[in-house]
Amino acid sequence: MPAAKTTTKRTSANADTFSADEKAAMREAAAERRKAKAGSTDGTADVLAKIAEMPDDERALGEKLHALIMKTVPDMQPRTWYGMPAYYHDNEQICFFQPAAKFQARYLTLGFSDKAQLDDGNMWPTSYAITKLTSADETKVRALIKQAVS
């Protein structure tokens, strides 16, 4: 008598690898690419819409950061990146901010890509936790943004 055939249930490769929040971010990135391909993207409007969706405390920070970044480097091109506000200079992503609510983190994060000119010796920070923005903090952010595009 032949051996009984066994079956195994297959799941997608990322079923247990990615969290629901990460999967949602990937879906947002795919939608952003489709929208860009179709030529129907208004980066500033998309970024402002994402900021408007943030919880109240983060929305205030997001609005401040957006205004600060755009005032510091007026030719930055705002776009969403994985559903987060991001800023491009000469078509290279320079920085982004990740709301705490996006991945249930303790704080909003201002992050910089490898295209940002922040190099300082052999080691330097590429992201900053932000819980509020004082005028001194705004000065630091302005300096980082200026350096990042230099």
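Numbering (my numbering), first residue to last: 3 to 152.
Backbone N, C-alpha and C fix where the C-beta goes; we use that ideal spot for every residue, glycine too.
A quick note: this is a predicted structure, and the numbers were derived from the prediction, not measured.
Using the C-alpha atoms, what's the distance from A131 back to Y153? Residue 153 is absent from the structure shown; the chain starts at 3 and stops at 152.
Threshold first: 4 residues or longer. Then list the alpha helix (DSSP H) segments lying entirely within the region 54 to 108, N to C. At a cut-off of 4 residues, the continuous stretches assigned as alpha helix (DSSP H) that sit fully inside the region 54 to 108 are 58 to 74.
Output yes or no for whether 9 angstroms exceeds the beta carbon distance between D23 and K104. Yes, the Cβ-Cβ distance between D23 and K104 is below 9 angstroms.
Taking 8 angstroms as the threshold, find out whether the region 75 to 89 comes into contact with the region 44 to 61 through three or more Cβ pairs. yes
The alpha helix (DSSP H) spanning T141 covers which residue range? Its alpha helix (DSSP H) spans residues 137 to 151.
For T111, does the three-state DSSP call read helix, strand or coil? It is a strand residue.
Taking all protein chains shown into account, do 16 or more other C-beta atoms lie within 10 angstroms of the C-beta of M86, making it buried, or fewer, making it exposed? buried
Assuming contact is defined by CB atoms lying nearer than 9 angstroms, are A118 and A88 in contact in what I supplied? no
Beta-ladder partner(s) of S129, from DSSP: Residue pairing by DSSP places S129 opposite G113 in a beta bridge.
Could you compute how far the alpha carbon of L146 sits from the alpha carbon of L120? 7 angstroms
Leaving out five residues on either side along the sequence, give the residues of the same chain with a beta carbon under 7 angstroms from the beta carbon of T133. The residues are Y109.
Measuring straight from C-alpha to C-alpha, what distance separates R35 and S137? 36 angstroms
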